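Mapping the sequence shown onto my numbering, position 76 (from 1) lands on 87, and the numbers just tick up by one.
Here's the structure, in C-alpha coordinates; my notes come after.
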Amino acid sequence: MNSVYKNIENLSKDNRETAFKIVAKQILLDFSNNKFRSQEELAKKCYVSNATITQFSKAALCTGYRELRLRLKIEYDNNFLNDQKLSMKKISISEYYVSFENWLSENWNFLEELIKTMIERKQVFLFPSFQTHYSAIFLSDVLEKHDLNVNIFNLEKDLKKLQNIDWTKKVVLLILTGRDNESLKLIYDYMKKANSKVFVICSQNWNFKDDKNVNIMYLDNQISSRNYVDRNFWLINLYKFLEEILIKRCD
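Next up, the structure:
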(Lines of atoms letter the chains of each structure in order from A; the text may use other names.)
(Lines give C-alpha, C1' and ligand atoms only; values in the text may rest on other atoms or scores of the structure.)
Protein backbone atom coordinates (compact mmCIF):
# COMPACT_ATOMS: atom_id res chain seq x y z
CA MET A 12 0.00 0.00 0.00
CA ASN A 13 1.40 3.37 -1.04
CA SER A 14 2.00 6.04 1.57
CA VAL A 15 -0.90 8.49 1.73
CA TYR A 16 1.54 11.15 2.95
CA LYS A 17 3.62 10.59 -0.18
CA ASN A 18 0.58 10.90 -2.43
CA ILE A 19 -0.43 14.16 -0.73
CA GLU A 20 3.13 15.46 -0.95
CA ASN A 21 3.10 14.84 -4.71
CA LEU A 22 -0.17 16.76 -5.04
CA SER A 23 1.40 19.70 -3.16
CA LYS A 24 4.12 20.07 -5.81
CA ASP A 25 1.84 21.30 -8.59
CA ASN A 26 3.39 24.36 -10.25
CA ARG A 27 -0.02 26.03 -10.28
CA GLU A 28 -1.76 27.34 -7.16
CA THR A 29 -4.72 24.97 -7.50
CA ALA A 30 -7.33 24.07 -4.88
CA PHE A 31 -5.74 20.62 -4.56
CA LYS A 32 -2.33 22.18 -3.90
CA ILE A 33 -3.76 24.44 -1.19
CA VAL A 34 -5.48 21.48 0.48
CA ALA A 35 -2.35 19.32 0.23
CA LYS A 36 -0.11 21.95 1.82
CA GLN A 37 -2.58 22.47 4.67
CA ILE A 38 -2.76 18.72 5.36
CA LEU A 39 1.05 18.45 5.39
CA LEU A 40 1.29 21.39 7.79
CA ASP A 41 -1.33 19.84 10.07
CA PHE A 42 0.43 16.48 9.88
CA SER A 43 3.68 18.02 11.16
CA ASN A 44 1.68 19.29 14.16
CA ASN A 45 -0.09 15.96 14.76
CA LYS A 46 -3.39 17.54 13.79
CA PHE A 47 -6.07 15.81 11.73
CA ARG A 48 -9.01 18.06 10.91
CA SER A 49 -12.54 16.94 10.12
CA GLN A 50 -13.63 17.29 6.51
CA GLU A 51 -15.70 20.35 7.35
CA GLU A 52 -12.82 22.00 9.25
CA LEU A 53 -10.38 21.37 6.41
CA ALA A 54 -12.79 22.68 3.78
CA LYS A 55 -13.38 25.85 5.80
CA LYS A 56 -9.65 26.35 6.43
CA CYS A 57 -8.84 26.04 2.72
CA TYR A 58 -11.90 27.96 1.48
CA VAL A 59 -13.15 25.03 -0.60
CA SER A 60 -16.24 22.83 -0.56
CA ASN A 61 -16.63 19.43 1.11
CA ALA A 62 -16.95 17.98 -2.39
CA THR A 63 -13.50 19.34 -3.27
CA ILE A 64 -12.04 17.60 -0.21
CA THR A 65 -13.66 14.34 -1.35
CA GLN A 66 -12.25 14.76 -4.87
CA PHE A 67 -8.84 15.54 -3.39
CA SER A 68 -8.97 12.37 -1.28
CA LYS A 69 -9.67 10.29 -4.39
CA ALA A 70 -6.76 11.99 -6.17
CA ALA A 71 -4.62 10.83 -3.20
CA LEU A 72 -5.83 7.28 -3.98
CA CYS A 73 -8.32 6.99 -1.11
CA THR A 74 -12.02 6.20 -1.34
CA GLY A 75 -12.83 9.40 0.52
CA TYR A 76 -11.62 11.79 3.20
CA ARG A 77 -12.54 9.40 6.01
CA GLU A 78 -10.07 6.81 4.69
CA LEU A 79 -7.42 9.46 3.98
CA ARG A 80 -7.64 10.84 7.51
CA LEU A 81 -7.51 7.37 9.09
CA ARG A 82 -4.51 6.26 7.06
CA LEU A 83 -2.67 9.50 7.81
CA LYS A 84 -3.18 8.94 11.54
CA ILE A 85 -1.81 5.40 11.21
CA GLU A 86 1.24 6.64 9.29
CA TYR A 87 1.86 9.32 11.90
CA ASP A 88 1.62 6.78 14.74
CA ASN A 89 3.91 4.32 12.97
CA ASN A 90 6.55 6.88 12.06
CA PHE A 91 6.56 9.35 14.93
CA LEU A 92 4.87 8.24 18.13
CA ASN A 93 7.19 5.30 18.82
CA ASP A 94 10.27 7.50 18.39
CA GLN A 95 8.66 10.17 20.54
CA LYS A 96 7.94 7.74 23.38
CA LEU A 97 11.57 6.64 23.40
CA SER A 98 12.67 10.27 23.76
CA MET A 99 10.22 11.38 26.44
CA LYS A 100 12.46 10.75 29.40
CA LYS A 101 12.78 13.43 32.03
CA ILE A 102 15.87 15.48 31.43
CA SER A 103 17.25 18.42 33.35
CA ILE A 104 18.12 21.75 31.77
CA SER A 105 21.79 21.16 32.48
CA GLU A 106 21.68 17.76 30.77
CA TYR A 107 19.94 19.30 27.79
CA TYR A 108 22.63 21.91 27.25
CA VAL A 109 25.48 19.52 27.99
CA SER A 110 24.12 17.43 25.16
CA PHE A 111 23.91 20.53 22.96
CA GLU A 112 27.48 21.50 23.83
CA ASN A 113 28.73 18.02 22.99
CA TRP A 114 26.96 18.19 19.65
CA LEU A 115 28.70 21.49 18.85
CA SER A 116 32.08 20.09 19.86
CA GLU A 117 31.65 17.06 17.64
CA ASN A 118 30.91 19.34 14.68
CA TRP A 119 33.37 22.12 15.39
CA ASN A 120 35.25 21.70 12.09
CA PHE A 121 31.98 22.09 10.20
CA LEU A 122 31.13 25.30 12.08
CA GLU A 123 34.60 26.75 11.59
CA GLU A 124 34.50 26.10 7.85
CA LEU A 125 30.95 27.46 7.52
CA ILE A 126 31.76 30.72 9.30
CA LYS A 127 35.05 31.18 7.47
CA THR A 128 33.41 30.67 4.08
CA MET A 129 30.48 32.98 4.85
CA ILE A 130 32.81 35.78 5.94
CA GLU A 131 34.90 35.35 2.78
CA ARG A 132 32.09 35.13 0.23
CA LYS A 133 29.51 37.42 1.88
CA GLN A 134 26.61 35.82 -0.03
CA VAL A 135 24.62 33.00 1.57
CA PHE A 136 21.72 31.01 0.15
CA LEU A 137 19.57 29.06 2.60
CA PHE A 138 17.55 26.05 1.46
CA PRO A 139 15.47 24.94 4.47
CA SER A 140 13.05 22.06 4.56
CA PHE A 141 9.39 22.96 5.01
CA GLN A 142 9.49 22.27 8.76
CA THR A 143 12.70 24.27 9.45
CA HIS A 144 11.70 27.41 7.58
CA TYR A 145 10.96 29.25 10.83
CA SER A 146 14.48 28.76 12.19
CA ALA A 147 15.95 29.70 8.79
CA ILE A 148 14.33 33.14 9.12
CA PHE A 149 16.11 33.53 12.46
CA LEU A 150 19.45 32.57 10.86
CA SER A 151 18.86 35.05 8.04
CA ASP A 152 18.35 37.84 10.57
CA VAL A 153 21.52 36.83 12.41
CA LEU A 154 23.68 36.85 9.28
CA GLU A 155 22.28 40.10 7.90
CA LYS A 156 23.21 41.87 11.14
CA HIS A 157 26.82 41.08 10.23
CA ASP A 158 26.61 42.52 6.71
CA LEU A 159 26.10 39.21 4.94
CA ASN A 160 23.77 39.05 1.95
CA VAL A 161 21.26 36.27 2.69
CA ASN A 162 18.56 34.68 0.53
CA ILE A 163 16.06 32.07 1.70
CA PHE A 164 15.41 30.21 -1.52
CA ASN A 165 11.75 29.53 -2.32
CA LEU A 166 11.63 26.27 -4.27
CA GLU A 167 8.13 26.92 -5.57
CA LYS A 168 8.80 30.43 -6.90
CA ASP A 169 12.56 30.60 -7.53
CA LEU A 170 13.44 27.22 -9.05
CA LYS A 171 13.89 28.66 -12.54
CA LYS A 172 16.46 31.14 -11.21
CA LEU A 173 18.95 28.38 -10.34
CA GLN A 174 20.68 28.41 -13.71
CA ASN A 175 21.00 32.20 -13.75
CA ILE A 176 23.19 32.39 -10.63
CA ASP A 177 26.95 31.92 -10.46
CA TRP A 178 27.01 29.46 -7.56
CA THR A 179 30.82 29.25 -7.44
CA LYS A 180 30.83 32.54 -5.51
CA LYS A 181 28.03 31.68 -3.08
CA VAL A 182 27.70 29.74 0.17
CA VAL A 183 24.86 27.21 0.10
CA LEU A 184 23.34 25.80 3.29
CA LEU A 185 20.72 23.06 2.98
CA ILE A 186 18.70 21.94 6.02
CA LEU A 187 17.26 18.47 5.38
CA THR A 188 14.85 17.30 8.07
CA GLY A 189 11.35 15.87 7.95
CA ARG A 190 9.87 14.20 4.91
CA ASP A 191 9.55 16.96 2.31
CA ASN A 192 13.09 16.86 0.98
CA GLU A 193 12.99 15.41 -2.53
CA SER A 194 13.29 18.85 -4.12
CA LEU A 195 16.14 19.77 -1.76
CA LYS A 196 18.00 16.60 -2.75
CA LEU A 197 17.73 17.74 -6.39
CA ILE A 198 19.16 21.11 -5.33
CA TYR A 199 22.01 19.31 -3.58
CA ASP A 200 22.83 17.32 -6.73
CA TYR A 201 22.67 20.47 -8.85
CA MET A 202 24.97 22.43 -6.53
CA LYS A 203 27.59 19.69 -6.62
CA LYS A 204 27.68 19.90 -10.41
CA ALA A 205 27.84 23.70 -10.22
CA ASN A 206 30.97 23.49 -8.01
CA SER A 207 29.31 25.49 -5.26
CA LYS A 208 30.48 25.49 -1.65
CA VAL A 209 27.76 23.33 -0.07
CA PHE A 210 27.01 22.81 3.62
CA VAL A 211 24.30 20.42 4.80
CA ILE A 212 22.58 20.10 8.19
CA CYS A 213 20.46 16.97 8.14
CA SER A 214 18.81 14.19 10.09
CA GLN A 215 20.24 10.69 10.33
CA ASN A 216 17.89 9.60 7.54
CA TRP A 217 20.38 11.01 5.06
CA ASN A 218 23.72 9.50 4.19
CA PHE A 219 26.33 11.89 2.81
CA LYS A 220 29.32 10.27 4.50
CA ASP A 221 30.73 9.03 1.20
CA ASP A 222 30.66 12.50 -0.33
CA LYS A 223 34.02 14.06 0.48
CA ASN A 224 33.27 17.37 -1.26
CA VAL A 225 30.38 18.45 0.96
CA ASN A 226 30.43 19.59 4.60
CA ILE A 227 27.89 17.68 6.70
CA MET A 228 26.47 18.24 10.18
CA TYR A 229 24.07 15.58 11.46
CA LEU A 230 21.20 16.26 13.87
CA ASP A 231 21.95 13.08 15.74
CA ASN A 232 20.76 13.85 19.25
CA GLN A 233 17.44 12.34 20.35
CA ILE A 234 16.38 15.57 22.03
CA SER A 235 16.43 17.38 18.70
CA SER A 236 14.60 14.66 16.78
CA ARG A 237 11.33 14.30 18.71
CA ASN A 238 9.33 16.65 16.50
CA TYR A 239 9.68 19.70 14.31
CA VAL A 240 9.36 22.11 17.27
CA ASP A 241 12.39 20.54 18.98
CA ARG A 242 14.39 20.66 15.76
CA ASN A 243 13.62 24.34 15.23
CA PHE A 244 14.53 25.14 18.84
CA TRP A 245 17.78 23.16 18.51
CA LEU A 246 18.66 24.95 15.26
CA ILE A 247 17.86 28.39 16.68
CA ASN A 248 20.26 27.66 19.54
CA LEU A 249 22.87 26.66 16.97
CA TYR A 250 22.35 29.85 14.97
CA LYS A 251 22.60 31.97 18.11
CA PHE A 252 25.91 30.28 18.84
CA LEU A 253 27.06 31.11 15.29
CA GLU A 254 26.21 34.74 15.96
CA GLU A 255 28.45 34.80 19.03
CA ILE A 256 31.33 33.51 16.92
CA LEU A 257 30.60 36.05 14.17
CA ILE A 258 30.69 38.87 16.72
CA LYS A 259 34.20 37.85 17.74
CA ARG A 260 35.44 37.23 14.20
CA CYS A 261 34.00 40.40 12.67
CA ASP A 262 35.00 42.83 15.45
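Note that beta-carbon positions come from the ideal geometry of N, C-alpha and C, so glycine has one too.
All values derive from a computational prediction rather than experimental measurement.
My guess is that residue i and residue j are in contact by the Cβ rule of under 8 Å, so how many angstroms apart are they, rounded?
{"i": "Ser43", "j": "Tyr239", "result": "5 Å"}
{"i": "Phe149", "j": "Tyr87", "result": "About 27 Å separates the two Cβ atoms, so there is no contact after all."}
{"i": "Ile19", "j": "Ile33", "result": "Between Ile33 and Ile19 the Cβ distance is about 12 Å, and since that is not below 8 Å, they are no contact."}
Just the Cα atoms here: how many angstroms apart are residue i and residue j?
{"i": "Leu170", "j": "Asn61", "result": "33 Å"}
{"i": "Ser140", "j": "Thr188", "result": "6 Å"}
{"i": "Asn243", "j": "Gln142", "result": "8 Å"}
{"i": "Tyr201", "j": "Val209", "result": "11 Å"}
{"i": "Lys24", "j": "Lys46", "result": "21 Å"}
{"i": "Ile186", "j": "Ile258", "result": "23 Å"}
{"i": "Ser269", "j": "Asn89", "result": "For residue 269 there is no data in the structure shown, the boundaries of the chain being 12 and 262."}
{"i": "Thr63", "j": "Leu197", "result": "31 Å"}
{"i": "Ser214", "j": "Ile227", "result": "10 Å"}
{"i": "Val153", "j": "His144", "result": "14 Å"}
{"i": "Glu255", "j": "Leu53", "result": "43 Å"}
{"i": "Ser110", "j": "Asn21", "result": "37 Å"}
{"i": "Asn118", "j": "Ser105", "result": "20 Å"}
{"i": "Val211", "j": "Lys56", "result": "35 Å"}
{"i": "Ile220", "j": "Tyr199", "result": "In the sequence as presented, Ile is not what sits at residue 220; that position holds Lys. C-alpha separation (whole angstroms): 14 Å."}
{"i": "Leu253", "j": "Val161", "result": "15 Å"}
{"i": "Glu28", "j": "Asn120", "result": "42 Å"}
{"i": "Asn224", "j": "Leu115", "result": "21 Å"}
{"i": "Phe31", "j": "Ala71", "result": "10 Å"}
{"i": "Asn248", "j": "Leu122", "result": "13 Å"}
{"i": "Ile176", "j": "Asn165", "result": "14 Å"}
Could you pull out every residue in the same chain whose Cβ sits closer than 8 Å to the Cβ of residue i, ignoring the five residues on either side in sequence?
{"i": "Asn206", "result": "Trp178 and Thr179"}
{"i": "Thr65", "result": "Gln50, Gly75 and Tyr76"}
{"i": "Lys17", "result": "none"}
Just to confirm, does residue i get its C-beta within under 7 Å of one of the non-hydrogen atoms of the ligand ADP?
{"i": "Cys73", "result": "This structure does not include the ligand ADP; it has no bound ligands of any sort."}
Taking all protein chains shown into account, do 16 or more other C-beta atoms lie within 10 angstroms of the C-beta of residue i, making it buried, or fewer, making it exposed?
{"i": "Asn113", "result": "exposed"}
{"i": "Asn26", "result": "exposed"}
{"i": "Tyr58", "result": "exposed"}
{"i": "Lys181", "result": "buried"}
{"i": "Ser146", "result": "buried"}
{"i": "Tyr108", "result": "exposed"}
{"i": "Asn36", "result": "Asn is not the amino acid found at residue 36; the sequence shown has Lys there. So Lys36 counts as buried."}
{"i": "Glu124", "result": "exposed"}
{"i": "Trp245", "result": "buried"}
{"i": "Leu83", "result": "buried"}
{"i": "Ala195", "result": "Note that residue 195 is Leu in the sequence shown here, rather than Ala. Counting Cβ neighbours within 10 Å, Leu195 comes out buried, since at least 16 surround it."}
Closer than 6 Å by C-beta to residue i: which residues in its own chain qualify, once you throw out the five before and the five after it? Chain order, please.
{"i": "Asn73", "result": "A small correction: the amino acid at residue 73 is Cys; Asn does not occupy that position in the sequence shown. For Cys73, where only same-chain residues beyond five positions count, the Cβ hits under 6 Å are Leu79."}
{"i": "Lys156", "result": "none"}
{"i": "Met12", "result": "Per-residue confidence for Met12 stands at a pLDDT of 48, beneath the threshold of 50, marking its modelled position as unreliable; no derived number is given."}
{"i": "Leu137", "result": "Ala147, Ile163 and Leu184"}
{"i": "Lys204", "result": "none"}
{"i": "Trp217", "result": "Leu187"}
Which same chain residues, not among the five before or five after residue i, have their C-beta less than 7 Å away from its C-beta?
{"i": "Arg260", "result": "Ile126 and Ile130"}
{"i": "Leu159", "result": "Met129, Lys133 and Val135"}
{"i": "Ser14", "result": "Glu86"}
{"i": "Leu173", "result": "Tyr201"}
{"i": "Ser151", "result": "Leu137, Val161 and Ile163"}
Based on the DSSP secondary-structure assignment, which residues constitute the bridge partners of residue i?
{"i": "Val211", "result": "Leu185 and Ile227"}
{"i": "Lys137", "result": "The question names Lys, but residue 137 is Leu in the sequence shown. Partner(s): Ile163 and Leu184."}
Closer than 8 Å, CB to CB, is residue i near chain C or not?
{"i": "Lys32", "result": "Here there is only one protein chain, and chain C is not present."}
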